[in-house]
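Participant: Numbering (this note's numbering), first residue to last: 4 to 283. I am attaching a structure below and will ask some questions about it afterwards.
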Ligand SMILES: O=C(O)CCC(=O)C(=O)O
Ligand SMILES: [Fe+2]
């Protein structure tokens, strides 16, 4: 099968950008074939077809003028992957990025897939690293370990239309309980971050990737009812430095394990999250 990405590794500049800002954008990084293949795989899933069918039905409770329903489709973990989706896990670019950040000792944590239709609500600024209980001893000992989110946008997005927003440099602010998006944006933490912390509203063409330190604050703007793009597709793979389970660390499907080569086995052979996995 052909490559899914146009690049096999990041440049030195890319790596510095990631460390400076807490994220790296690789626009249009999918090959044409990879983008088409992944998109078709997602759109041909029965659950996705059923979702679109339910979207197009008008709500009988509402009058004709009111919008149709605005709920997103969301699946976590996203296990129903075809060959293109499967390839994302260890495409040479992904492996090289993870090696440049974490080194060789990392685990596949989990994945998710999301379809946001017109009317989809905003998602406020948040971090995905510290949703561990802050006071949990495991969190305290593990919080400096890497937790990387790789966000894929097969059909891209425009500013003001379900765009990802980020606060570059916010990953440098210590993870104390008092930190909040408002405080970050108030100027109080600028000195600690070594720069002016401000929100950036991204705009990305189809087939783009964002490689994100999950400590960096990010959020998503709503999708307007009159958006020219009917829905925004979003896929995410999350990797963690080797160690105990993170929140949502998924069970690896038996078939994945059966087919896994030694490198994949190393990523997959770890404990999954359970409600009591952090209790002593
Ligand atoms: O939808 C996106 O672009 C990002 C979503 C996100 O930040 C999350 O699910 O945690
Ligand atoms: Fe997030």
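Even glycine gets a Cβ: it sits at the ideal position worked out from N, Cα and C.
For residue 124 and residue 266, what's the separation of their Cα atoms in angstroms?
Facilitator: 39 Å
Participant: Within the present structure, is the beta-carbon of residue 18 separated from the nearest heavy atom of ligand 1 by less than 7 Å?
Facilitator: No, the Cβ of residue 18 stays beyond 7 Å of every heavy atom of ligand 1.
Participant: Can residue 15 be considered in contact with ligand 2, in the sense that its beta carbon sits closer than 7 Å to one or more heavy atoms?
Facilitator: no
Participant: Can you tell me which residues fall inside 5 Å of ligand 1, judged by beta-carbon distance to its nearest heavy atom, and keep chain order?
Facilitator: 167, 223, 237
Participant: Taking 7 Å as the cut-off, is the C-beta of residue 174 nearer than that to any heavy atom in ligand 2?
Facilitator: It does not: the Cβ of residue 174 is nowhere closer than 7 Å to a heavy atom of ligand 2.
Participant: Specify which residues have a beta carbon nearer than 6 Å to any heavy atom of ligand 2, listing them in chain order.
Facilitator: 129, 131, 221
Participant: Counting along the chain, where does the alpha helix (DSSP H) carrying residue 246 start and finish?
Facilitator: Taken as a continuous stretch (DSSP letters only), residue 246 belongs to no alpha helix (DSSP H), as it is neither H nor E.
Participant: When you compare each of 227, 115, 168 to residue 206 by their alpha carbons, which one comes out closest?
Facilitator: 168
Participant: On the CB-based measure, 16 or more other CB atoms within 10 Å of its CB, does residue 11 come out buried or exposed?
Facilitator: exposed
Participant: Using the Cα positions of residue 7 and residue 182, report the straight-line distance between them to the nearest angstrom.
Facilitator: 38 Å
Participant: CB-CB under 7 Å to residue 82, same chain, minus the five flanking residues each way: which ones, in chain order?
Facilitator: 256
Participant: According to the Cβ coordinates, are residue 215 and residue 130 closer than 8 Å?
Facilitator: Taking 8 Å as the cut-off, the beta carbon of residue 215 is found no closer than this to the beta carbon of residue 130.
Participant: So, does the segment 26 to 44 touch the segment 109 to 126, judging by three or more C-beta pairs under 8 Å?
Facilitator: no
Participant: Would you check if the distance between the CB atom of residue 111 and the CB atom of residue 26 is smaller than 8 Å?
Facilitator: no
Participant: Could you check how far apart the C-beta atoms of residue 198 and residue 172 are, in whole angstroms? I think they sit under 8 Å.
Facilitator: 5 Å
Participant: Which first and last residues belong to the beta strand (DSSP E) in which residue 127 is found?
Facilitator: For residue 127, the enclosing beta strand (DSSP E) begins and ends at 126 to 129.
Participant: Quick check on DSSP: helix, strand or coil for residue 4?
Facilitator: coil
Participant: Report the three-state DSSP secondary structure of residue 133 (helix, strand or coil).
Facilitator: Annotated three-state conformation of residue 133 is coil, per DSSP.
Participant: For residue 180, does the count of other Cβ atoms within 10 angstroms reach 16, so buried, or fall short, so exposed?
Facilitator: exposed
Participant: Between 56, 264, 59, 208, which has its C-alpha nearest residue 32's C-alpha?
Facilitator: 208
Participant: With contact counted as at least three CB pairs below 8 Å, one residue from each stretch, are the segment 141 to 152 and the segment 99 to 116 in contact?
Facilitator: yes
Participant: Can you tell me which of 35, 166, 94 puts its alpha carbon nearest to the alpha carbon of residue 222?
Facilitator: 166
Participant: Which ranges does the alpha helix (DSSP H) cover as unbroken runs of at least 4 residues, wholly within the segment 92 to 124, from first to last along the chain?
Facilitator: Fully enclosed alpha helix (DSSP H) runs of 4 or longer: 95 to 104.
Participant: For residue 257, name the three-state secondary structure that DSSP assigns.
Facilitator: Helix, per DSSP.
Participant: What do you get for residue 47, buried or exposed, if any count of 16 or more other CB atoms within 10 angstroms of its CB means buried?
Facilitator: Exposed, because fewer than 16 other Cβ atoms sit within 10 Å of the Cβ of residue 47.
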